[in-house]
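For what it's worth, the numbering used here labels the leading residue of the sequence shown as 2, then goes sequentially.
Idealized CB from N, CA, C, for every residue including glycine.
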Amino acid sequence: MRERFWERVRPEKMTPEEWEALCDGCGKCCLNKLEDEETGEVALTRVACRLLDDQSCRCGQYAIRKTLVPECIQLTPATMKDVAYFMPATCAYRLIHEGKPLFWWHPLVSGDPESVHEAGVSMRGLTVPEFEVPEEDWEDYIIEEPGT
Ligand code: SF4
Ligand code: SF4
């Protein structure tokens, strides 16, 4: 990966490895959300996708996730304009899309994959798997986005 590529390479010019490395491992995009049909407001819950590993905050089946969870959104430089608005506020893909810098705790900046967890930004230890909570109860699990 090129040195500090996230500060000087446009997303569409990044290599696949660089693009993947933008993910900070927070796990927040793997949470189920609730949308108010009248206001369009989106609330975050701590009910996680069945494939999310609550400790690593990574997808348990990343390579085949689209087969197991068809609704999982694949982020690409081209799709960011459509999905950035509902990504977590601290998501590196969203920040880069909005021309903002990465936070100090981002593993690319800190050099430490644990810093996202130590800063209290990730979902480590905070989620419940979606197969344990019926959908009609999800509103009892609404949370504020950690780290914001
Ligand atoms: S919210 Fe963004 S940075 Fe965090 S895990 Fe999801 S894609 Fe990665
Ligand atoms: S399939 Fe994997 S990447 Fe997609 S939402 Fe679920 S845990 Fe996250």
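In the DSSP assignment, E36 falls within the beta strand (DSSP E) that extends over L32 to E36. For R66, the enclosing alpha helix (DSSP H) starts and ends at R66 to L69. Counting along the chain, no beta strand (DSSP E) covers L53, and no H or E run does either. Listed as beta-bridge partners of C60 by DSSP are L53.
DSSP lists L35 as the bridge partner or partners of A44.
Between the alpha carbons of A93 and G61 lies a distance of about 20 Å.
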